[in-house]
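S.K.:
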Amino acid sequence: MTVVIVIAVLLVIVTGVQLLKIAELRAKSKGENIWEVKEKDGKFQASLMIVFLIAYMAYFFWQIYAWGDRVLPEPASEHGVPYDFLLNLTLGIISSVFVLTHIFLLYFAYKYAYSAKRKAYHFAHSNKLELIWTIVPSLALTVLILFGLNNWNKIMKPVPAETEHVLLELTGQQFTWTARYAGEDKKLGRSHVTLIEGANATGVDATDEFAKDDKIVKGEFHLPVNVPVQFVFRSIDIIHSAYMPHFRSQMNCVPGVKTQFNFVPTKTTAEMREITGNKDFNYILLCNKICGAAHYNMQMDIVVESKEDYEKWLAEQKSFVE
Amino acid sequence: MSHTAVVDSKTAWAGDNNSPFGAGYGKLMMWFFLMSDALSFTGFLAAYGFYRHSYGDIWPSAENVFTHFPFMHGHHPLLYVALMTFILIMSSVTMVLAVEAGHRMDKKGVIKWMFWTIVGGLIFVGSQAWEWYHFIHGTELGAIELGIGTYTLPDGTVEHTQGIIARWADESKQALLLPWREVATDNTSAYLQLTGQAMQDAVAGGHEVYGANLTHNEYGHPLFGDFFFFITGFHGTHVFSGVVLNFIIFVNVIMGTYQKRGHYEMVEKVGLYWHFVDLVWVFVFTFFYLV
Amino acid sequence: MSTHHHHHEDFLFKYIFSTDHKMISKQFLITGFTMGFIGLVMSTLFRLQLGWPGESFEMVELLMGSWQENGIMAPDKYLALVTMHGTIMVFFLLTAGLSGTFSNLLIPLQIGARDMASGFLNMLSYWFFFLSSVLMLISLFVEGGAASAGWTIYPPLSALPQAIPGSGAGMTLWLFSMAIFIVSSLLGSLNYIVTIFNMRTKGMSMTRLPLTIWAFLFTAIIGVLSFPVLLSAALLLVMDRMFGTSFYLSDIYIGGQVLDHAGGSPILFEHLFWFLGHPEVYIVLLPALGITSEIISTMARKPIFGYRAMIGSMMAIGFLSFIVWGHHMFVTGMNPFLGAVFTFTTLLIAIPSAVKVFNYITTLWKGNIVYSPATLFSVGLVSTFITGGVTGLVLGNSALDINVHDTYFVVGHFHIVMGLSAIFGMFAGVYHWFPKLFGRMMNNKLGNLHFWTTIASAYGVFFPMHFLGLAGVPRRYYTNSEFPLFDNMVDINEFVSTFAVIALVAQLIFMFNFIYSAFRGPRAPQNPWKGTTLEWTTPVEHIHGNWYGEIPAVYRWPYDYSKVDENGEFLYGDDYIMQTTPMGENENDGGH
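Chains as they are written, first to last, in our numbering: chain A, 1 to 322; chain B, 1 to 291; chain C, 1 to 592.
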C-alpha cells in the first residue's frame with residue numbers, strides 16, 4: 001500500500017514538472033514572460049475577490065444559522081445575565097465591523113484591479129481620516145471597557161460574610177475533583193497536603209474543630225437555587241481550572257494558593273432540562289487547564305435544586321468526622 | 001567605520017553611515033546587549049520582589065545572616081558585603097581611568113588601570129566565593145526545621161509549622177525563635193518564642209538544619225537560600241566572564257594591538273560591560289541585602 | 001564595512017558557514033519552512049484524532065509507531081503533539097523563520113548596506129537556530145516523549161515528570177533548545193538594530209526607510225527586551241527541576257508522596273512567561289504587517305496610506321505589547337485590580353491595530369492593483385487580521401474572558417491572527433522577493449491556486465472554533481466525546497478536521513512550486529514588480545557587497561508610485577519612481 005502511494009506521489013510530481021515546463025515554453029513562444037501578470041488574469045483574480053466576499057459572508061451567516069443554537073444556553077447564574085448581555089453586545093459590534101470592513105476591503109480589491117488605461121491616485125496621507133478612525137474605535141472601546149470593568153469588579157468581589165451563602169471548597173487533582181462543604185459552623189477546617197493519607201484525600205486537618213462538621217462529596221455536588229455559593233479552590237498537585245460554563249464561571253486551582261469565585265445559581269437542573277429540551281441535561285464542572293493525560297475527562301456533575309431538596313441531600317452526606 | 005565622529009542630529013538620522021548616537025556598530029551592539037541582559041536580571045529581581053513581598057514578615061533579615069568578616073571574630077553585619085561593594089565600585093573607577101588613558105593613546109596608563117580593574121574583579125569574585133562558603137557552612141548553632149503541627153499566633157490565626165525554620169535565640173539553647181512576631185505588622189516587636197516543653201516537643205518533632213543548600217537553609221524560608229545562590233551566582237558568573245574578557249583585552253593591550261589599530265575602542269566596549277556588571281550589583285545589593 | 005573579495009571560497013565557507021546575509025536568509029527560510037511543515041503535519045495528526053476520536057488510523061501508525069498503537073493516538077502523546085506544534089510554529093517558523101529570513105534579506109538591501117554590521121554574529125545566529133531546531137526535534141524521541149505541558153509549559157506540570165511523562169527528558173531538551181534559540185534570536189536582533197541605525201546609505205534618512213525596515217527594527221527591539229525574561233523564567237524552571245529549588249513549586253502531593261518544595265508560586269512563572277509571551281506574538285506579527293505594507297503599496301501602484309501613522313502605530317503596538325501580558329492570566333486568581341488594569345491596556349492596543357487596517361484598505365482604494373500571489377496573500381492578511389483581531393475584543397475584556405478563557409474561542413483567535421495573518425505575510429514575502437532570494441520567479445498560477453485553497457480551507461478550520469468556544473468546549477482536550485454536553489459538537493469537529501487535511505494538501509502546491517522554481521524557475525528580471533526600493537537595484541545574481549561599485553544614494557521616500565504632474569501625466573514616464581532618482585527641480589517632495 002505504501003509503495004503504491006509513493007509511486008503515485010512521484011508521478012504527480014513528475015507530471016507537475018512537465019506541465020510547468022510546457023506552460024513556460026508556451027509563454028516563450030508567444031514572446032511573453034510567464035511570470036508577468038496579464039491584465040485579464042489580474043481581473044480574474046479581482047473577480048474572485050467578490051466571489052470570496054460573497055462566499056465568506058455567506059459562510060459566516062451559515063455558521064450562525066447552522067451552529068448558532070449550539071452555543072451555551074441562557075445563563076444559569078445571576079451575573080450570567082449581564083455577562084451574556086455584554087458578550088452579545090460585543091459580538092454584535094465586532095460582527096458589524098467584520099462585515100463592513102470586509103465589504104470595503106474586498107470591493108476595493110475587486111474594483112481597482114490593474115488596467116493600463118487607469119492611473120492610481122497618489123494619495124499619501126490625511127490627518128483628518130487618521131483622526132476619525134482613531135477616535136471612533138476609541139469611543140466604541142471605551143464603552144466596552146466601562147461595561148466590562150463594571151461587571152468585572154462586581155463578579156470578582158467575594159460574598160460578604162454576613163450574607164447567607166453556601167461555602168464550598170473544590171479541590172482539583174489529577175484527575176478528579178473533591179467537594180467539601182463547610183458545616184453548620186460556616187467555616188472550612190484547615191487543610192494541608194502533608195495531612196493527605198488514605199481516605200483523607202485532600203488533607204483536612206482532623207485536629208481542627210471547624211473541620212469536624214465539613215462534608216466531603218465526590219462525583220456530584222448540589223447547590224440550592226437563588227443562594228450565593230462562595231467557592232474556595234485548591235489543588236494538591238498541579239494547576240487545574242474549575243470551569244462551570246453554564247454559570248459563566250471559571251477560576252484556576254493553583255497548588256499552594258487558594259483562589260475564590262462566587263455566583264448565585266438561578267435555574268434548577270429541572271428548569272434547565274426544560275429549557276434545553278434535553279431530559280438528560282446536567283450542569284457540569286470541567287477541568288480547563290492542561291493537567292496531564294486524562295485532562296479531557298476530569299469532571300464532576302452539579303445539581304441545582306430547591307433549598308429544601310438541597311438541605312435534605314446535604315443531611316444525607318457524611319461529615320468529615322465519620 | 002567611524003566611531004567617534006561628530007554627528008549632529010540633522011545628519012545623524014540621515015544615512016550615509018552616520019550613527020544616530022555617534023557610536024560605532026560594535027559599541028551600539030554592546031549597549032543593546034546590555035539592555036537585554038538588564039532585562040534578564042530584572043526578571044530575576046522581579047521574581048525576588050514577588051516573594052519578598054509575599055513573605056515579607058517572615059523573611060530572614062540579611063543583617064542577621066551576613067555577619068562575618070574574614071580573619072575577624074564577632075558580629076559585623078553586612079560589613080564584608082559593603083567592602084566587596086566598595087571594591088567593585090572602585091574597579092569601575094579604575095576602568096574609567098583605563099578608558100580615559102586609551103583616549104590619549106597612553107598604553108602604559110591603560111595597562112596600569114586595567115591591571116587594577118582585573119585585581120578588583122578577582123577580589124570580588126573571591127569574596128563572593130567566601131560568602132557562599134560561609135552561607136553554605138552555616139553557624140555552629142544551626143536551626144530547627146519544625147515538623148507537622150500548628151501554632152496559634154496571638155491574634156488567633158493558626159499557622160502550619162511544617163517546614164518553618166526556628167532559630168536558637170542564643171548559645172544557651174533555651175529558646176527557639178519563630179519567624180512570627182508578637183505584633184504582626186510591627187517590624188520592631190520581638191519574635192515569638194518557644195520555651196520549655198513546647199521547645200522540646202518542637203526539637204523532637206523537627207530536625208536540625210545546619211548551613212544552606214537549595215532546598216533548606218538555617219536562616220529561614222527556603223526561597224531565601226534559593227534566591228541568594230541564584231542571583232549572586234548569576235551575577236558572579238557575569239563578573240567572572242567580565243574578568244576573563246578584561247584579561248584578554250589586557251593581554252592585547254600589552255601586545256600593542258590597539259596602539260597599532262589607532263584607537264582603544266575595545267577597551268571602551270569591555271568597559272561598558274564592566275560598568276553594567278557593577279550597576280547590576282548595586283541593585284542586587286540594595287534589594288537583596290538592604291531592603 | 002569593507003567587502004572582502006574572495007577569489008576562491010571553499011564550499012564550507014560559501015554555503016555552510018557563510019557570513020553573507022543573503023545566504024543566511026535562505027538558511028533561515030529553509031530551516032523555518034522545514035520545521036513549519038513538521039508542525040503542520042503534527043496538527044493534521046491530532047486533528048484526525050479530534051475529528052474522529054477513537055477511530056483507528058493505521059496509516060498514521062506507520063509514521064508514529066508506539067505513539068499511535070492500534071492506530072489510535074495515546075492521550076499523553078496527543079498533549080506532546082499539541083505542545084510541540086505550538087512551540088515549533090510560534091518560535092521556529094514564525095519568529096526565526098519569518099524574521100530571520102526577511103530581516104536578513106531585506107535590511108542591507110533596502111537600506112543600502114554591503115551586509116549586516118557583523119556577518120560573523122549573523123552566521124552564529126543561524127547556526128544556533130539550527131542547533132536549537134535539532135535539539136527540539138530530538139526531544140520527540142527521548143524516553144517519556146517530548147514536552148507535553150502545552151507550549152506555555154506552566155509548572156508544576158512542566159516541572160514534574162511524575163505528572164506527565166513528557167516532563168522528563170523531553171522537557172529538559174525543550175529548555176536547552178529554547179535557551180539556545182533565545183541566544184540566536186538576540187544575536188540576530190542586535191545585528192538588525194545596529195545595521196539599521198548605523199549603515200544606511202547616503203540620503204536614506206529614517207523617514208525614507210521602507211515600512212518593512214521599520215517593522216523589522218521594532219520587532220528586533222521588542223525581542224531584545226522581552227526574550228531575556230523568558231530566559232529568566234526558563235532558568236528558574238531548570239533550577240526547580242534539577243536542583244530542588246522552590247521558585248514555582250509549593251504544597252504538592254503527587255505519586256503518593258508530598259514533595260519537598262515549599263513557598264513557590266506557579267503564578268510567578270506565568271507572569272515571567274507572559275511578559276515575553278505577549279510581545280512575542282507581536283514579534284511574530286509586525287514583520288508580516290511590514291511586508292504587507294510594502295507589497296500592497298508596490299502592487300497597487302500607490303503610496304502606502306499614512307506612512308507616519310503606520311510607523312506611529314507600530315511603535316504604539318510595540319510599547320503597549322509590554323503592558324498587556326496579564327490578559328493571559330485573568331482567571332488565575334490574581335488581584336482583580338490588576339485584571340482591570342490589563343483589560344484597559346489590552347483594549348487600547350486595538351486602536352493602533354485598527355488604524356493599520358484602515359490604512360491598508362485606503363491604500364487599495366483608487367489603486368491600480370496588480371494581482372500576483374504576493375498581492376493575494378497581502379489582501380488575505382488584511383482579511384485574516386480583521387477576522388482574528390476583532391475577537392480579541394471579547395478575550396481582552398476580563399469580565400468576558402471568564403467563560404471563554406482556554407476554550408476553542410481562544411484557539412480560533414490566535415490561529416487566525418498568527419496561523420493565518422503571520423504566515424500569509426511570510427508567504428507573500430516569499431512570492432514577492434523570490435527573485436531576490438533565488439534569482440528566479442515562482443509560478444503565478446500555482447501561487448494563486450495556493451492562496452485560494454489555503455484561505456478557504458484555513459477559514460474552514462478556524463472559524464467554527466469560535467462556536468465551539470462559545471459552547472464551552474475546552475482546549476487541549478484529547479477528545480470531546482467524554483461529555484454528553486459536547487455530543488452536538490461532533491459534526492463541527494469533523495468539519496474542522498476535514499478542512500485541516502485539505503489545508504495540508506494545499507501547502508503541497510506551495511512546496512512543489514517553491515522547490516521547482518528555486519531550481520528551474522524562469523530567470524528573474526532586474527525589477528519584475530516595478531518596485532521603487534533599493535533591493536531592485538542590485539544585480540539579480542548574488543554578489544558579496546550587493547552592488548558593483550558604489551552603493552547608490554537615495555533622494556526620495558520609497559512610495560513615489562503613480563506620481564503625476566499638473567497635466568495628469570506620470571512624472572518620469574512611468575507609474576513608479578525609484579528611490580535613487582533625484583528630485584526634479586519643481587518636484588514636490590510632500591515632506592519626505
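Beta carbons: idealized from backbone N, C-alpha and C, even for Gly.
For the structure I just gave you, are there three or more beta carbon pairs, one from the segment 133–148 of chain C and one from the segment 105–113 of chain C, closer than 8 Å?
M.R.: Verdict: no, contact absent.
S.K.: Short of 7 Å Cβ to Cβ, which residues in the segment 154–165 of chain B face chain A?
M.R.: Taking 7 Å as the Cβ-Cβ cut-off against chain A, the residues of the segment 154–165 of chain B that qualify are Val-158, His-160 and Gln-162.
S.K.: Where DSSP assigns a beta bridge to B:Ala-175, which residues make up the other side?
M.R.: For B:Ala-175, which the question treats as bridged, DSSP gives the partners B:Thr-195.
S.K.: Who pairs with A:Leu-223 in a beta bridge, going by DSSP?
M.R.: Beta-bridge pairing links A:Leu-223 to A:Val-304.
S.K.: Please state whether DSSP places C:Arg-556 in a helix, a strand or coil.
M.R.: It is coil, neither helix nor strand.
S.K.: Given a threshold of 16 other Cβ atoms within 10 Å of its Cβ, counted over all protein chains shown, does A:Lys-119 qualify as buried or as exposed?
M.R.: A:Lys-119 comes out buried.
S.K.: Just to confirm, is the Cβ distance from B:Pro-20 to B:Tyr-219 under 7 Å?
M.R.: The answer is no: Cβ separation not under 7 Å.
S.K.: Between A:Thr-142, A:Thr-207, A:Lys-186 and A:Ile-135, which has its C-alpha nearest A:Leu-195's C-alpha?
M.R.: Nearest of A:Thr-142, A:Thr-207, A:Lys-186 and A:Ile-135 to A:Leu-195, Cα basis: A:Thr-207.
S.K.: Suppose you measure from the CA of C:Phe-596 to the CA of B:Gly-242; what does that come to, to the nearest Å?
M.R.: As displayed, chain C neither begins before 1 nor continues past 592, which places residue 596 of chain C out of reach and without an answer.
S.K.: Among residues of its own chain, excluding the 5 on either side of C:Ser-133, which ones have a beta-carbon nearer than 7 Å to its beta-carbon?
M.R.: Result list for C:Ser-133: Thr-31, Met-35 and Phe-92, in chain order.
S.K.: So C:Tyr-477 and A:His-295 are supposed to be a Cβ contact under 8 Å. How far apart are they, rounded?
M.R.: Correct: roughly 7 Å between the Cβ atoms.
S.K.: Closest to C:Met-123 by C-alpha separation, out of C:Ser-378, C:Gly-100, C:Ser-56 and C:Ile-304, would be which residue?
M.R.: Among C:Ser-378, C:Gly-100, C:Ser-56 and C:Ile-304, the Cα nearest to that of C:Met-123 belongs to C:Gly-100.
S.K.: Compare the Cα-Cα distances from B:Ile-248 to each of B:Gly-236, B:Gly-271, B:Asp-226 and B:His-235 and report the closest residue.
M.R.: Answer by Cα proximity: B:Gly-271.
S.K.: Just to confirm, are C:Pro-75 and B:Leu-39 a CB contact at a threshold of 7 Å?
M.R.: Not closer than 7 Å, so no.
S.K.: Going along chain A in order, which residues have a C-beta closer than 9 Å to the C-beta of B:Ile-148?
M.R.: Ordered by position in chain A, the residues that pass the 9 Å Cβ test against B:Ile-148 are His-192, Thr-194 and Leu-195.
S.K.: Whether or not the segment 303–314 of chain C and the segment 207–219 of chain C are in contact is what I'm after, with contact meaning three or more pairs of Cβ atoms, one per stretch, closer than 8 Å; do they touch?
M.R.: Yes, since at least three Cβ pairs between the segment 207–219 of chain C and the segment 303–314 of chain C fall closer than 8 Å, the two stretches touch.
S.K.: Please determine if the segment 138–156 of chain B and the segment 201–215 of chain B are in contact, where contact requires at least 3 C-beta pairs separated by less than 8 Å.
M.R.: At 8 Å Cβ cutoff, the stretches touch.
S.K.: In terms of residues, what are the limits of the beta strand (DSSP E) holding C:His-415?
M.R.: No beta strand (DSSP E) holds C:His-415; DSSP gives it neither H nor E.
S.K.: Measure from the C-beta of A:Asn-262 to each C-beta in chain C and report whether the shortest distance is under 7 Å.
M.R.: With 7 Å as the cut-off, A:Asn-262 does not count as an interface residue toward chain C.
S.K.: For B:Pro-70, count the other beta carbons within 10 Å of its own beta carbon; 16 or more makes it buried, fewer makes it exposed. Which is it?
M.R.: Exposed, since its Cβ has fewer than 16 Cβ neighbours within 10 Å.
S.K.: By DSSP, does A:Gln-21 sit in helix, in strand, or in coil?
M.R.: Here residue 21 of chain A turns out to be Lys, not Gln, going by the sequence shown. In this structure, A:Lys-21 counts as helix in the three-state DSSP scheme.
S.K.: Using a Cβ-Cβ distance cut-off of 7 Å, determine whether C:Phe-243 contacts chain B.
M.R.: Taking Cβ atoms only, chain B reaches closer than 7 Å to C:Phe-243, which makes this a yes.
S.K.: Tell me where the beta strand (DSSP E) around A:Ala-179 begins and ends.
M.R.: Residues 176–181.
S.K.: How many whole angstroms separate the CB atoms of A:Ser-241 and A:Gln-173, which I take to be in contact at a CB cut-off of 8 Å?
M.R.: About 13 Å separates the two Cβ atoms, so there is no contact after all.
S.K.: Between C:Pro-279 and C:Ile-222, is the Cβ-Cβ spacing less than 7 Å?
M.R.: Closer than 7 Å, so yes.
S.K.: Nearest CA to the CA of C:His-21: which residue from C:Gln-110, C:Leu-140 and C:Leu-63?
M.R.: Per the Cα distances, C:Gln-110.
S.K.: Quick check: is the beta carbon of C:Ser-481 nearer than 7 Å to any beta carbon in chain B?
M.R.: So, not an interface residue.
S.K.: State the DSSP-derived secondary structure class of A:His-240, mapped to helix, strand or coil.
M.R.: DSSP places A:His-240 in strand when its eight states are reduced to three.
S.K.: Kindly list, in the order they appear in chain B, the residues whose Cβ is closer than 9 Å to that of C:Met-204.
M.R.: Near C:Met-204 (Cβ distances below 9 Å), the residues of chain B are Ala-14, Gly-15 and Asp-16.
S.K.: In chain order, what residues of the same chain lie with their CB nearer than 6 Å to the CB of C:Ser-125, ignoring the 5 residues before and after it?
M.R.: Hits under 6 Å: Ser-184, Leu-187 and Gly-188.
S.K.: From A:Phe-320 to A:Lys-212, what does the alpha carbon distance come to, in whole angstroms?
M.R.: C-alpha separation (whole angstroms): 6 Å.
S.K.: Measure how close the beta-carbons of C:Gly-203 and C:Val-554 come, nearest whole angstrom, since I'm counting them as under 8 Å.
M.R.: With a Cβ gap of about 4 Å, C:Gly-203 and C:Val-554 count as contacting.
S.K.: To the nearest angstrom, report how far apart B:Thr-117 and B:Phe-250 are at their CA atoms.
M.R.: The alpha-carbon atoms of B:Thr-117 and B:Phe-250 are separated by roughly 10 Å.
S.K.: Run through DSSP, which three-state label would B:Ser-2 get?
M.R.: Model confidence at B:Ser-2 stands at a pLDDT of 41, short of 50, so the residue's coordinates are unreliable; what they give is reported in the following sentence. Here B:Ser-2 sits in coil by DSSP.
S.K.: What's the gap between the Cα of C:His-4 and the Cα of C:His-542?
M.R.: Confidence in C:His-4 is poor, its pLDDT being 49 and thus under 50, which makes the residue's placement unreliable; the coordinate value appears in the next sentence. Taking the straight line joining both Cα atoms gives about 15 Å.
S.K.: Which residues in chain C sit within 8 Å of A:Ile-94, going by Cβ to Cβ distance?
M.R.: Here the neighbours are Val-390, Thr-391, Leu-393 and Val-394.
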